[in-house]
Amino acid sequence: MELITEILLRTGEHLVLVFIAMASAIAISIPLGIFITRQKQFAKPILVVANAIQTIPSLAIFGFLITVPLLGGIGKIPAIVALTLYALLPLILNTYTGLNQVDPGFIEAGLSMGMSRRQVLFYIELPLALNVILTGIRVSTVICVGIATIAAAIEAGGLGTFIFRGISTVNNQLILAGAIPSALIALSTDWGIGWLEKQLTQRTPRKSFSRKKRLIWLSLAGFLVFSSIGLFYQQINVNHKSGGEITIGSKNFTEQVILSEILAQQIENNTNLKVDRKFNLGGTFICHEAVKAGKIAGYVEYTGTALTAILKEPIINNSQEVYRLVKQAYQKQFDLTVMPSLGFENTFAIIIRGADAQRLKIKTLSEAARYTNQWQAGFGYEFLAREDGFPGLAKTYGLEFAKAPKEMDLGLMYRALADKQVDLVAGNSTDGLIPILKLVILQDDKHYFPPYDAVPIFNEKILEKYPQLRTAVLKLSGQISAEEMQQLNYQVDNQVKSVEESARSFLQSKGLIKH
Numbered sequence: 035m036e037l038i039t040e041i042l043l044r045t046g047e048h049l050v051l052v053f054i055a056m057a058s059a060i061a062i063s064i065p066l067g068i069f070i071t072r073q074k075q076f077a078k079p080i081l082v083v084a085n086a087i088q089t090i091p092s093l094a095i096f097g098f099l100i101t102v103p104l105l106g107g108i109g110k111i112p113a114i115v116a117l118t119l120y121a122l123l124p125l126i127l128n129t130y131t132g133l134n135q136v137d138p139g140f141i142e143a144g145l146s147m148g149m150s151r152r153q154v155l156f157y158i159e160l161p162l163a164l165n166v167i168l169t170g171i172r173v174s175t176v177i178c179v180g181i182a183t184i185a186a187a188i189e190a191g192g193l194g195t196f197i198f199r200g201i202s203t204v205n206n207q208l209i210l211a212g213a214i215p216s217a218l219i220a221l222s223t224d225w226g227i228g229w230l231e232k233q234l235t236q237r238t239p240r241k242s243f244s245r246k247k248r249l250i251w252l253s254l255a256g257f258l259v260f261s262s263i264g265l266f267y268q269q270i271n272v273n274h275k276s277g278g279e280i281t282i283g284s285k286n287f288t289e290q291v292i293l294s295e296i297l298a299q300q301i302e303n304n305t306n307l308k309v310d311r312k313f314n315l316g317g318t319f320i321c322h323e324a325v326k327a328g329k330i331a332g333y334v335e336y337t338g339t340a341l342t343a344i345l346k347e348p349i350i351n352n353s354q355e356v357y358r359l360v361k362q363a364y365q366k367q368f369d370l371t372v373m374p375s376l377g378f379e380n381t382f383a384i385i386i387r388g389a390d391a392q393r394l395k396i397k398t399l400s401e402a403a404r405y406t407n408q409w410q411a412g413f414g415y416e417f418l419a420r421e422d423g424f425p426g427l428a429k430t431y432g433l434e435f436a437k438a439p440k441e442m443d444l445g446l447m448y449r450a451l452a453d454k455q456v457d458l459v460a461g462n463s464t465d466g467l468i469p470i471l472k473l474v475i476l477q478d479d480k481h482y483f484p485p486y487d488a489v490p491i492f493n494e495k496i497l498e499k500y501p502q503l504r505t506a507v508l509k510l511s512g513q514i515s516a517e518e519m520q521q522l523n524y525q526v527d528n529q530v531k532s533v534e535e536s537a538r539s540f541l542q543s544k545g546l547i548k549h
């Protein structure tokens, strides 16, 4: 029942994103299409720009827009702007093409009858071009429905939330929970606009303009009613508790989703707050910007990541010193509170297949370096770019690979290693798939990686607004061991339990929430 409710919620979010984006795109594109039919010297440059936008990968557009200060970082606004940009080309092009295809004889006849240019446009040109314009709307809407799934990566909600969550937890049911409704929306929208196009462009003497207007308004009303279903459930969700609502976020891999669910359940069961879950936001930098801007109240970070990736400080191997430095800098620079460790460290783990480790008799990274010129590596996007990632590791151990490392999503990396698509990956030491797939972690014998203690990080202003929040989260300090975290990851990755069930069972076992 909870899943069905969330599907309705995410469907509503998805539809609202598409509706607002399409309304904005239509408001921009149709006047622009009309303008370039009158001022033809502007047609080529405007169409070239619209075409160039269409060719930019959607993730790149989303990534760029969240860095624009005027758009407020992550969330629905940059997502709507991105979707609007992607919808422009079919709308502008079809408006321009449809108006240019109108027989000049009809225009001359209207003018000769005393009609103004404005009247000719509205009573002759646009009705005759309506078929082509509606085709553009149809294409743009289907594009928007598909691309809107990616908006979940920047905390805009929608059905992509299930897809990203499913990929990170290797859960096909969650992937289908996002993919099937999204496909149904796209097919329904395509059919609906196609039907509307057919009704509005039938040329029969008895079909009146008033009936066409009624069809348009009825279609818009139906779309708005369907969108409102999800918003209705969202409102119920928001008002479920009177104490207020805060948002907990996470990065895009299993452990992060589990830890954030533990935070969420701990808060909901020990305060009067309702938690909105914004999981699978992406990498470190998206989560950091989100908590800094107050888009989320908090998430779980790792001290070594905060030190090197966010603060750009050199590697320090003393865990207490790293925590002290990170806590102090986060408070001073970002107005963020770094809470005590949850009790375990999750360091980067360089991993190979167990069979290879046994065959080559290697246990350390120094020993593995002798064979890397015959191997294919697979690393996450962050690991390839971070100060404490691949560049420094390769230099420290003299790693040289047969080919450039493949960039891979964290949720797919271990499967690729087990299936022999790659020979060495950089994962996390507490990942549950390591023992399942009979993989081996190579010892960091030169102590390259800094300590990575898991610490909750919260926005200070939100903690001041809800003081009970700090008390609830502090109860989790020191409660999770590395072995317990690996077991939790195992349960979810092997689909023994859902994220929600694993988090609930853990909190109950610690006596932090009631059975």
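Basically my numbering = 1-based index in the sequence shown + 34.
No residue lacks a Cβ here, since even glycine has one placed at the ideal position from N, Cα and C.
All values reported here derive from a predicted model rather than from experimental measurement.
- The shortest CA-to-CA distance from S63 to any of T131, L293, S92 and G109 is the one to T131.
- In this structure, A190 and F198 do not form a Cβ contact; the two beta carbons are roughly 12 Å apart against a cut-off of 8 Å.
- Judged by their CB atoms, L168 and L230 are nearer to each other than the 8 Å cut-off.
- Put simply, the backbone Cα of S543 is about 22 Å away from that of Y333.
- Minimum Cα-Cα distance from N380 among the listed residues L458, I280 and V489 corresponds to V489.
- Between E295 and V533, the C-beta gap is smaller than 8 Å, which places the two residues in contact.
- Just so you know, the alpha carbons of Y482 and K395 end up roughly 22 Å apart.
- Counting along the chain, T129 sits inside the alpha helix (DSSP H) bounded by residues K110 to N134.
- Taken in chain order, the unbroken stretches of alpha helix (DSSP H) that lie wholly in the stretch 349 to 375 and span 4 residues or more are 353 to 368.
- Taking C-alpha positions only, N352 is separated from Q299 by approximately 32 Å.
- Boundaries of the alpha helix (DSSP H) around E323: T318 to K326.
- Boundaries of the beta strand (DSSP E) around T281: E279 to G283.
- One Cα belongs to E416, the other to R44, and the distance between them is close to 28 Å.
- Within the same chain, Y524, D527 and N528 come within 8 Å of I470 by CB-CB distance, once the 5 residues on both sides are set aside.
- Taking a contact as a CB-CB distance under 8 Å, the pair I301 and A537 does not count as one, their CB atoms being some 12 Å apart.
- Around the beta carbon of W225, a 10 Å sphere encloses fewer than 16 other beta carbons of the protein chains shown; the residue is thus reported as exposed.
- With a beta-carbon spacing of about 6 Å, P484 and L341 fall inside the 8 Å limit used to define contacts.
- With 16 or more neighbouring CB atoms inside 10 Å of its own CB, P439 falls in the buried class.
- Residue pairing by DSSP places Q290 in no beta bridge whatsoever.
- Residue burial annotation: D465 is buried, with at least 16 other C-beta atoms found within 10 angstroms of its C-beta.
- Counted as a single uninterrupted DSSP element, the stretch harbouring Y482 is not any alpha helix (DSSP H), since DSSP gives it neither H nor E.
- According to the DSSP assignment, G332 belongs to the beta strand (DSSP E) that extends over G332 to Y336.
- In this structure, I141 lies away from A116, with their beta-carbon atoms at least 8 Å apart.
- L510 is positioned such that its CB atom lies no closer than 8 Å to that of L307.
- Between K437 and Q408, the C-beta spacing is not below 8 Å.
- Three or more beta-carbon pairs separated by less than 8 Å link the stretch 49 to 64 to the stretch 170 to 188, which places the two stretches in contact.
- Nearest to L451 by C-alpha distance, out of R393, K429, A402 and I386, is I386.
- Per the Cβ contact rule, the stretch 175 to 182 is not in contact with the stretch 144 to 163 (fewer than 3 Cβ pairs under 8 Å).
- Cβ contact annotation for F382 (same chain, cutoff 6 Å, sequence separation greater than five): A460 and F483, in chain order.
- Secondary structure of E379 (DSSP, three-state): strand.
- For the set I114, Q73 and S146, the Cα lying nearest the Cα of L133 is the one of Q73.
- For the 8 Å CB-CB criterion, V372 and I491 form a contact.
- Judged by DSSP secondary structure, V166 falls outside any beta strand (DSSP E) and instead within the alpha helix (DSSP H) spanning L160 to I181.
- Spatial neighbours of G388 in its own chain (CB-CB distance under 8 Å, excluding positions within 5 residues in sequence) are listed in chain order as K472, L473 and V474.
- Ranked by Cα distance from S222, the options G180, I209, C321 and I184 are led by G180.
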